[in-house]
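Structure first, then comments.
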Amino acid sequence: MEHHPHLHRPARTLFVGTLVLSLALHLSFAALASLFPGRLTGLASESIVMVDLTDAAAPLTKPPVGATAVQRPVSPAQKQMVLPTHEEKALPEPSPTPMEELPPPVPPQTSVSSLSDGLTRGFFRSLADGETLRGDVREYYFELVERVNEQWWDAASGTGMEPGRQEALVTITVRKNGELLDVRLIRSSGNDQYDRLIMDTLQAASNLPPLPDSYPGEFFQAPLRLMAPRGLLFS
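Read in numbering that gives the first Met the number 0, the sequence shown has 113 at position 114, and its numbers run on one by one without any break.
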């Protein structure tokens with residue numbers, strides 16, 4: 000076999016040239032790195048980009064530290080609460096208990112007996128209904144007439160005396176404490192015995208009401224009419 004040394008020279012020359020070029024590039028890059036270190040490091044850092052493809056549209060909100068959802072406790076009554084049905088709502092109202100009917104009031108017997116005594120024995124009444132008197136004195140006047148009538152009926156009902164034929168008129172004078180001071184017959188009833196019974200009954204009258212404190216005087220003179228029984232139905 001023949002050896003040709005001229006065929007290996009171009010290959011060796013190409014290999015040596017490549018090494019020289021590579022060394023020159025490394026030296027130049029090292030020189031640039033030493034001259035501009037910030038630029039090269041910035042380019043290196045900017046070349047790395049991290050992309051998160053999970054959810055770019057949703058804002059990232061961090062929950063507050065220590066914030067937890069507070070759940071209101073449910074009471075047993077709320078768990079067991081059941082709404083009433085329509086049938087339960089429409090329960091009929093209880094019928095009212097019928098009230099016992101009270102018997103009608105019985106009128107007092109005193110009013111019946113007083114009416115009977117007035118028809119048979121006559122009764123005293125005020126003169127002109129006390130229209131000229133003021134309110135408190137007028138009330139006293141009516142109360143005085145009522146007390147006189149009570150005592151008159153007690154005295155006249157036990158006698159068989161014939162009553163008078165006409166209206167009798169008397170005046171009585173009462174002290175402020177209710178004590179009877181004077182009795183006068185102004186007009187006769189037409190029967191002397193009947194007139195005497197009237198005077199005796201009035202003079203013996205007791206438990207008469209005292210005059211009101213607002214009354215300025217010490218005495219009160221009250222005119223009284225004794226209505227005759229025969230004229231009661233026509234008065």
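The C-beta atom is built at its ideal place from N, Cα and C for all residues, glycine as well.
Only a predicted model underlies this, so the values are computations on that prediction, with no experimental measurement involved.
- Looking at Glu149, Ala23 and Arg224, the one whose alpha-carbon comes closest to that of Gly129 is Arg224.
- Contact between the stretch 172 to 189 and the stretch 207 to 220 is present: three or more C-beta pairs spanning the two stretches fall below 8 Å.
- Taken in chain order, the whole alpha helix (DSSP H) runs of length 4 or more contained in the stretch 111 to 165 are 134 to 155.
- Here Leu22 carries a helix assignment [DSSP, helix/strand/coil].
- Take Arg186, set aside five residues on each side of it, and the residues of its chain with a beta-carbon closer than 7 Å to its own are Ala167 and Leu168, in chain order.
- Each residue's CA atom was taken as its position, placing Asn190 and Ile197 some 11 Å apart.
- CA-to-CA, the gap between Tyr139 and Met160 works out to about 31 Å.
- Leu168: member of the beta strand (DSSP E) spanning Ala167 to Arg174, first to last residue.
- About 13 Å separates the beta carbon of Arg124 from that of Pro228, a gap too long to meet the 8 Å contact definition.
- For the 8 Å CB-CB criterion, Arg146 and Pro208 form a contact.
- Around the beta carbon of Val144, 16 or more other beta carbons lie within 10 angstroms, which makes this residue buried.
- Taking the CA atoms as reference points, Gly157 sits about 37 Å from Arg133.
- Only exposed fits Phe141, as fewer than 16 other CB atoms lie within 10 angstroms of its CB.
- For Leu201, the secondary structure class from DSSP, reduced to helix, strand or coil, is helix.
- Rounded to whole angstroms, the separation of the alpha carbons of Thr200 and Gln150 is 7 Å.
- Looking from the CA of Ser213, the closest CA among Ser188, Gly177 and Asp135 belongs to Asp135.
- For Ala221, the enclosing beta strand (DSSP E) starts and ends at Phe218 to Met226.
- In terms of Cβ geometry, Asp194 and Leu179 do not form a close pair [threshold 8 Å].
- If the five residues before and after Gly163 are omitted, its C-beta is found closer than 6 Å to the C-beta atoms of Ser188, Gly189, Asn190, Tyr193 and Ala227, all from its own chain and listed in chain order.
- Secondary-structure assignment with DSSP links Asp191 through no beta bridge to anything.
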